[in-house]
Amino acid sequence: MIFWGFLALATDMFDLATGGRFEPLLAGISPMLANLWNLLVDMGYLLAAIGTLGALYRRVIVKPPKMQHESMVEGISILLTILGICGTAFIIEAHTGAGRWEPVGAWVAANLMTNFSASTQAGLAASSYWLHMMLIAGFLVAIPASKHMHLVTALPAVIFHDREPSGKMRPLAVDDEGKAVPLDDLDIEEFGVSSYSQYSWRSLLDGWVCTTCFRCQDVCPAYASGKSLNPMQIIHDLRDYANEHAPILLAGGTPEESIIDRFTPEAIWACTTCNACVDACPVYIEHVPKLTDARRHLVMEAMEYPEQLNVAMGNLENSSNPYGFGAHERGDWAADLGVKINEPAEYIYFVGCAASFDERNQKVARATISLLQEAGLDVGILGMSEGCSGDPARRMGNEYLFQMLAETNMATFQELGVKRIIASCPHCFHTLGKEYGDYGGDELEVLHHSEIIAKLQEEGKLPDMHKNGENGRKVTYHDPCYLGRIGGVTEAPRNVIGGVDVEPERHGKDSFCCGAGGAMMWMEEDPDKRVNEIRAKELAETGCDTVAVGCPFCSIMVNDGLNSVGAEMDVMDVAELLWEQMQAQLAEAEKLEEVAVSGGEE
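Residue numbers for the sequence shown follow this note's numbering, so the first one is 696 and each next one is one higher.
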């Protein structure tokens, strides 16, 4: 509220700086324009005043523990200064605003100023004007030396924030058309970011944009589980590093301490890339790219990364899946389903590594294909021609390996004329749909399996789900980060299962991470700092007997978390739940038919 108020009243400061020439300029164009501007400024001061009072109440009365490390004197002084600027503005408006569209000033004039004589009112207005100017001057002097620099930097940060889809990572290098440079033509010497100067100006600006509102810290799964990563501290580290090493940086030098050392490798590798911090930030700070860029350097240049990742990276390079299974086994799960394999089809079901090789998630793939076939969809799979989408490699920091996988898959898509893809893994859904465009996949239409199933239900080609009917389940739903928050798909999975009986405390775009993203699936967590256990407890608190999911990684992590906390709940994909109901209905129909036949024979 303070931010938006300041955007409006900043124009009033511009008017003051130009000696009051801005309003007459607007009036010369149109009196209506000047009136609208006066109204905008008046509302700006009001918003700033209300927001400031709220901030004062929180800081002085509520006193949240997370704010105790901050300077109480500095914070209160700045807030009182803002309140003084707003208050003096209203007194000035009350004296000079007759006929203007300034409702707050008019209210002050009608209810407060009438108790004073005309000369006293004039004196109050004059003294308020000079106090107003001094407070503004003092505020402008104090801003660069305080955290309130965000009042200046927030506007350009909002204007120039990343317009790419949420969670999208950028290629190592792009050509004149903005597409990724093919690996064969790639000629770069530095990978990722190892020094402060390698970050873009917009990324560096974030250090002075942070409002220290703690929103990113509050939603970070790594921080909540006790790990060393605090997304807000990463941004503060960026700012503090620049301030401490300013002489060297301004001279074009490189400080002995690298920005990666300031972040610490432990924090860099704790990120699940769930994007909760980015989504929560009111001023569009981009926390995650700073960490993934650092990972690129650590993996491709420094060769300093968690040892556990060696196995997954080696398997991805040699077998095109992180598990190390042979490509010839990719389609074994579908051997008896009569599905097209590596043939042209209207839709290609991109199975993903987990559903191809993990026995538990193969059931999801079977349910998905069975539903699509039941609806009469022309669908096929790639079988041994499918490779990993590359998401694990990219989030690990091995951008070179990711691009190799992406280019191989794109060649397969082009050979078969693939245009429409269905993915049951949100990581594949995101990577294919949002990131493959840089590698020639602009025309790919990628749907999550819940989206196409929900659409088929709407068209009457698949039945609706009735949880209280055949299976009698009480269902809650866990939103995967890459599907809900990053992908924006929250309603389709719920529609597939006919709604949710009880929502967990954090759901939809505000869902809490399962802990598998950002390549954490292939790293060992401290047993006392497990993200999935936090989420499992939230899901168990719903009192439901079944957790519906829409992601193979979430299925594994949530099930593991529930076992760890001693909660007995089934974890099932939305496609499995619908297919289970359809199978139950079919069995019931067959049973009734048998009864009818046997009755007729009697």
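The C-beta atom is built at its ideal place from N, Cα and C for all residues, glycine as well. Bear in mind the structure is a predicted one, so any value in this text is a computation, not a measurement.
Asked                                                                                                                                                                                 : Found
Taking the beta carbon of K1286 as the centre, do at least 16 other beta carbons fall within 10 Å, making it buried, or is it exposed?                                                : exposed
So, helix, strand or coil for H992, using DSSP?                                                                                                                                       : helix
Between the stretch 938 to 947 and the stretch 987 to 999, can you find at least three pairs of beta-carbon atoms closer than 8 Å?                                                    : no
What did DSSP end up calling V1242 once you bin it into helix, strand or coil?                                                                                                        : strand
Determine, using beta-carbon pairs with one atom in the stretch 999 to 1017 and one in the stretch 1079 to 1092, whether at least three such pairs fall under 8 Å.                    : yes
Shortest alpha-carbon distance to E1236 belongs to which of A1088, V755, G873, E1198?                                                                                                 : E1198
Could you give the uninterrupted runs of the alpha helix (DSSP H) lying entirely in the stretch 1006 to 1043, keeping only those of 4 residues or more?                               : none
DSSP three-state label for I954, please.                                                                                                                                              : helix
Restricting to runs no shorter than 3 residues, where is the beta strand (DSSP E) found entirely within the stretch 1182 to 1258?                                                     : 1241 to 1244
In the DSSP assignment, what are the bridge partners of L1142?                                                                                                                        : I1117
Using a Cβ-Cβ cut-off of 8 Å (strictly less than) and excluding sequence neighbours within five positions of G749, which residues of its own chain qualify?                           : M696
Decide if the stretch 1247 to 1257 is in contact with the stretch 1215 to 1233; the criterion is three or more beta carbon pairs, one per stretch, under 8 Å apart.                   : yes
Below 8 Å on the Cβ atoms is my guess for S920 versus R1168; work out the distance and round it to an integer in Å.                                                                   : Contact flag wrong, Cβ pair sits at about 29 Å.
What separation, rounded to the nearest whole angstrom, lies between the Cα atoms of G700 and T906?                                                                                   : 15 Å
With a Cβ-Cβ cutoff of 8 Å, do R1201 and N970 count as a contact?                                                                                                                     : no
Taking one C-beta from the stretch 820 to 837 and one from the stretch 1043 to 1061 each time, how about it: are there three or more such pairs within less than 8 Å?                 : no
Does the beta-carbon distance from L1096 to M1008 come in below 8 Å?                                                                                                                  : yes
What residues match up with V1170 in a beta bridge as DSSP calls it?                                                                                                                  : T1241
Got a sec? Which residues, its chain only, sit under 8 Å from A975 by beta carbon, not counting five neighbours each side?                                                            : R910, C911, D913, V914
Could you give the first and the last residue of the continuous beta strand (DSSP E) run that contains I1076?                                                                         : 1074 to 1076
Per DSSP, M1267 forms a beta bridge with which residues?                                                                                                                              : A1243
According to DSSP, is V983 part of a helix, a strand, or is it coil?                                                                                                                  : helix
Please report the straight-line C-alpha distance between T713 and S814, rounded to a whole angstrom.                                                                                  : 28 Å
Can you list, in chain order, the residues of its chain whose CB lies under 7 Å from that of L881, leaving out five sequence neighbours each side?                                    : L867, A868
Go ahead and pull the three-state DSSP assignment for M1277.                                                                                                                          : helix
So what does F1045 bridge to, in DSSP terms?                                                                                                                                          : A1118
Rounded to the nearest angstrom, how far is the Cβ of I1148 from that of A1270, given a contact under 8 Å?                                                                            : 6 Å
By DSSP, does A1262 sit in helix, in strand, or in coil?                                                                                                                              : coil
Please work out which residues of its chain come closer than 8 Å, Cβ to Cβ, to L702, disregarding the five sequence neighbours upstream and downstream, and give them in chain order. : G739, L850
Does the beta carbon of L826 fall short of 7 Å from some heavy atom of the ligand PLP?                                                                                                : This structure simply doesn't include the ligand PLP, nor any ligand for that matter.
For the candidate residues S890, C1208, W802, whose alpha-carbon lies nearest to that of P1121?                                                                                       : C1208
When you compare only the Cα positions, how much space is there between F709 and P798?                                                                                                : 21 Å
Is it right to say F809 is buried, meaning 16 or more other beta carbons lie within 10 angstroms of its own, or is it exposed?                                                        : What sits at residue 809 in the sequence shown is Thr, not Phe. So T809 ends up on the exposed side.
Confirm, please, whether the CB-CB distance from S890 to T949 is below 8 Å.                                                                                                           : yes
Considering only residues of the same chain and omitting the five flanking positions on each side of W796, which have a CB-CB separation below 8 Å?                                   : N730, L731, N733, L734, D737
To the nearest angstrom, how far is the alpha carbon of G1071 from that of W964?                                                                                                      : 45 Å
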